[in-house]
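Presented below is the structure to which this report refers.
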Amino acid sequence: MIGLVSYLTFFLTMAGIMAIITLGLNLHWGYTGLFNGGVVAFFGAGAYGTMILGGPSQPDQFGGFELPYLVALGGGVVIAGALAWVVGLLTLRLRHDYLAISTFGIAVALEAVARNAQWLTGGARGLRGFPRPFEDQIDNNFLFGVVFLLIVLTVLGLIWLSIERLVNSPFGRALRAIREDEVAARALGKNPVRLRLWSLVIGAAIMGAGGGLYVSYTAFVSPQDLLPILTFQIWAMLIVGGAGNNRGAVLGAVLIWGVWTLSGFALTRLAPASMQIDAGSIQYILIGTLIVCMLIWRPEGLLPEKIKKSQPMTARKAASNSTRE
Amino acid sequence: MNRKMLYLAGASMMALGLQAGTAAAQDCSVNVGTIYPTSVDWGRPIAETALWVGEMINEAGGVDGCEVNMILRDDQNDARVGVDAARALVDIDQVELLLGTVSSGISIPILTSVTAPAGVMQMSCCSSSSRLTEIAESGEARGLWFRTFATADVQAAVAAMLARDAGIQNITVVYKNDDWGQDIGRLAAEAFEAVGIEVLDQIAITDAQPSYRAEATQALRGQPESLYLALYPVEGISFVREWIGLGGTTTMIGANSLKSDDFRTTVGLENLAEFTGTDTSSPRVQSAADFIEAYTANFDAAPSGPGLANSFDAAAIALLAYHAAGRDASGEEIAAQVSRVTDPAGEPIPATVEGFASAMEILSGGGSVSYQGATGAVTFDANGNVSAPAVSWGFDDSGVVEQSYISLEEVAAFMASTN
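So the protein lines, in turn, are chains C and U.
Numbering of the first sequence is given in the working numbering, commencing with residue 1 and proceeding in unit increments.
Numbering of the second sequence is given in the working numbering, commencing with residue 1 and proceeding in unit increments.
Laid out in structure tokens, this is it:
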């Protein structure tokens, strides 16, 4: 029984990290309409950033500053945000599929950098030995899992609250206005370029937090963690959960990650012995089928966006603000 | 939220129910976790080989009289999926022994975040990264980590030995741009320089490129009199064809990854007369031939593809050690028994069902055996790395021919002299 609880703790930890990244993508796509095809680049920037700042020093290797955990994690977040700022300046003139292709290309380029810049990233061998938070203080493997889950849930909660505040503020309404009709938003005095850049940077920083948490759990990062499959997974989570709704994003993350992993687990129990060797391929088919079915039957996601009527007070304030600009 | 809870509750009920079901079906069984990339074309036969060893051990009487229940999970070549599968195997199936996986980028997070903290032994067929040696040296792996893939340093050293004996003055190193290739490329360049051969250039080959003309041109710039190739057949074929097309030298030394019929036939024997390969295992031992025969009988095809012999040995050694440690052993206890299975002074046993049965008898009696596996008589060093003798080989009409045998002592002496 303790084993099951231990596994569920781990499952929720991973799902929580996925949910954080999905919340970041929700800010991009759900609220601002930015088609970010390079989710994994920002995840990777956070993961490598955290590892380089907080990891142990190694011969012939840049980094290994052994900074305290929160500083390293924060540094990873800042690095992911900074990457997004540069990427944003270069690409945000692009719209829709063009933006998706260019961000996807940036993610692939980043993977190539991680694979080749051995002085910085350790090359294909990756970087190892990140001191897992509180592991030294906690002897018990199970207890460590619980503490780590609490860390992830705390970060998830903080990000959730911040995004909720953000998207319900005048800033958030301006983002949605850009998403719906950029020309109209501009006519109202909003600066779409600046707002889109901010949205990209904040969402990417959130993805970076996911990467930082991931690396502090596995204590290892390599170019293998930067494969485009992560981008695809996060998109599936957001679409299935419901873009434009943070509850949907989190639900989608837990559900898709659950299907992704538990389908493999279930097949070891349910598939006959002679088919065990094919279970891996069957699992792919199951995952793909589920996502396709969701897209057919609930294209708006399980928990679609609810457009709230804004409170008259804030609306009035926003209106006066925008006329002032 | 309700949906999520329902889902999790449903999954856990199912897990519990099914677990009770399998336990009741037989007297006793031990769960052994196996994680390999079964959904990847070359990963599938590696997994099949490991499962086959489980069947053979069961035929020979099982681990300490208990049936081995090999639970296979796919890692999808994705670290997050692999780590999750490992957690499920360790937490829910309560395995004390985990076989896997291929990619170092997955084996390492499994080792550092799942098996080592939980005290579960992990043995891999094919992970090659030198990071794993570092992890073992640092004590992070707690002696629970083993791999039957010989590390790159032996092959790199043997390549330097061959180059020195052939009187080569300068060389260009061409390596596959992954963890294995970067490691072996760097080690080979160091070894060449240690024996006084000038390394003109080191060129990375990233796989799945449409053409390697740029890389071949770059290699040609230094006019090297020889080439060192740490490539897989696919890139190896494209690169070498470009290289020879541009008039490069045919004096080449290659790693064991090029031991492939495709490479021989596609590049053409006329271009491979001066090609020498290195390998760590010793195909001279009878057990290696036995493995090929048994594999062919079982799968109706000769073993082809990387890692099969290594996968076989990983599963066999780990399961025999499990038997020696007893059915209720912890991962640490199993790991402690590995040296009794691979004791050079022990009774030599072949990798057959009868061999396994006699090995189990000796191990139960407190003796030790020397397992003669598909890659020869394997022994592990303190970091769980294989130390193995080496061979050099070349190509002829019939396929691969062995050219010379370099004993464990010679390799060790040479490596000590260059360090």
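We put the beta carbon where it would ideally sit given N, CA and C, even for glycine.
Keep in mind it's a predicted model, so treat the numbers as computed, not measured.
Quiz item: Do residue 415(U) and residue 157(U) have their CB atoms nearer than 8 Å?
Solution: yes
Quiz item: If we count the other Cβ atoms within 10 Å of its Cβ and call it buried at 16 or more, is residue 405(U) buried or exposed?
Solution: exposed
Quiz item: Based on the DSSP output, what are the partners of residue 69(U) in its beta bridges?
Solution: According to DSSP, residue 69(U) shares a beta bridge with 31(U).
Practice problem: Give me whichever residues DSSP pairs with residue 203(U) in a beta bridge. | Solution: 174(U)
Practice problem: Please name the residues in the region 136–166 of chain C whose beta-carbon is closer than 8 Å to at least one beta-carbon of chain U, in chain order. | Solution: Within the region 136–166 of chain C, the residues whose Cβ lies closer than 8 Å to some Cβ of chain U are 141, 144, listed in chain order.
Quiz item: CA-CA distance, residue 325(C) and residue 189(C)?
Solution: Bear in mind that a pLDDT of 45 at residue 325(C), under 50, signals an unreliable position, so the number given afterwards is only what the model happens to contain. Going from the Cα of residue 325(C) to the Cα of residue 189(C) covers about 6 Å.
Quiz item: Touch check for the region 199–214 of chain C and the region 32–39 of chain C: three-plus C-beta pairs under 8 Å?
Solution: The region 199–214 of chain C is in contact with the region 32–39 of chain C.
Quiz item: Going along chain U in order, which residues have a C-beta closer than 9 Å to the C-beta of residue 57(C)?
Solution: Ordered by position in chain U, no residue passes the 9 Å Cβ test against residue 57(C), which lies about 13 Å from the chain.
Exercise. For residue 28(C), count neighbouring C-beta atoms within 10 Å of its own C-beta (all shown protein chains included) and say buried if the count is 16 or more, exposed if not.
Key: Residue 28(C) comes out buried.
Practice problem: With a cut-off of 8 Å on the beta carbons, I'd call residue 401(U) and residue 393(U) a contact; round off their distance for me. | Solution: Going by Cβ atoms, the distance from residue 401(U) to residue 393(U) rounds to 6 Å, so yes, they are a contact pair.
Quiz prompt | residue 3(C), enclosing alpha helix (DSSP H) - first and last residue | solution = 2–25 is the span of the alpha helix (DSSP H), which, as asked, contains residue 3(C).
Quiz item: So with Cβ pairs under 8 Å, would you call residue 48(U) a contact of chain C?
Solution: yes
Quiz item: Taking Cβ positions only, does residue 144(U) come closer than 8 Å to chain C?
Solution: no
Practice problem: Leaving aside the five residues before and after residue 58(C) along the sequence, list all residues of the same chain whose C-beta is less than 7 Å from its C-beta, in chain order. | Solution: 64
Quiz item: Between residue 163(C) and the rest of its own chain, which residues show a CB-CB distance below 7 Å, the 5 nearest in sequence each way excluded?
Solution: 23, 27, 246
Quiz item: Looking at the structure shown, is residue 233(C) part of a helix, part of a strand, or coil, going by DSSP?
Solution: helix
Quiz item: In whole angstroms, what is the alpha-carbon distance linking residue 305(C) and residue 299(C)?
Solution: 12 Å
Quiz item: Closest by CA to residue 178(U), which one among 165(U), 160(U), 206(U)?
Solution: 206(U)
Quiz prompt | Selected residue, minimal CA-CA separation from residue 364(U), among 53(U), 321(U), 413(U), 331(U) | solution = It is 321(U) whose Cα lies nearest to the Cα of residue 364(U).
Practice problem: List the residues of chain C whose Cβ lies closer than 9 Å to the Cβ of residue 370(U), in chain order. | Solution: Simply none; closest approach about 31 Å.
Quiz prompt | residue 199(C) classed as buried or exposed, judged by whether at least 16 other C-beta atoms fall within 10 angstroms | solution = buried
Self-check item: Separation of residue 162(U) from residue 408(U), as counted between CA atoms
Solution: A straight-line Cα-Cα distance of about 15 Å links residue 408(U) and residue 162(U).
Quiz item: Taking the alpha-carbon positions, what's the residue 327(U) to residue 80(C) distance?
Solution: 49 Å
Quiz item: CB-CB under 6 Å to residue 73(U), same chain, minus the five flanking residues each way: which ones, in chain order?
Solution: Apart from sequence neighbours up to five positions away, the residues of its chain that approach residue 73(U) with a beta-carbon distance below 6 Å are 35, 85, ordered along the chain.
Exercise. Answer with yes or no whether the minimum CB distance from residue 225(C) to chain U is below 8 Å.
Key: yes
Exercise. Excluding the 5 residues preceding and the 5 following residue 114(C) in the sequence, name in chain order all residues of the same chain whose CB lies nearer than 7 Å to its CB.
Key: 44, 48, 121, 223, 226
Exercise. At 8 Å on the CB atoms, spell out the chain U contacts of residue 298(C), in chain order.
Key: Here the premise fails: no neighbours, minimum Cβ distance about 12 Å.
Practice problem: Could you have a look at residue 145(U) and say whether DSSP puts it in helix, strand or coil? | Solution: strand
Quiz prompt | Segment contact flag, the region 123–137 of chain U with the region 370–380 of chain U, C-beta cutoff 8 Å, min 3 pairs | solution = The region 123–137 of chain U is not in contact with the region 370–380 of chain U.
Quiz item: chain C beta carbons: is any one of them nearer than 8 Å to that of residue 130(U)?
Solution: In terms of beta-carbon proximity, residue 130(U) lines the interface with chain C, with at least one pair separated by less than 8 Å.
Practice problem: State yes or no: is the beta carbon of residue 242(C) nearer than 8 Å to at least one beta carbon in chain U? | Solution: For residue 242(C), the answer is no, since every Cβ of chain U falls outside 8 Å of its Cβ.
Quiz item: For the candidate residues 69(U), 77(U), 118(U), whose alpha-carbon lies nearest to that of residue 90(U)?
Solution: 118(U)
Quiz item: Are the C-beta atoms of residue 117(U) and some chain C residue less than 8 Å apart?
Solution: Yes, its Cβ sits closer than 8 Å to a Cβ of chain C.
Exercise. Pick out whichever of 355(U), 131(U), 154(U) has its Cα sitting closest to the Cα of residue 145(U).
Key: 131(U)
Self-check item: Status (buried if at least 16 other CB within 10 Å, exposed otherwise) for residue 210(U)
Solution: Exposed, since its Cβ has fewer than 16 Cβ neighbours within 10 Å.
Quiz prompt | For residue 392(U), the first and last residue of its enclosing beta strand (DSSP E) | solution = 390–396 is the extent of the beta strand (DSSP E) around residue 392(U).
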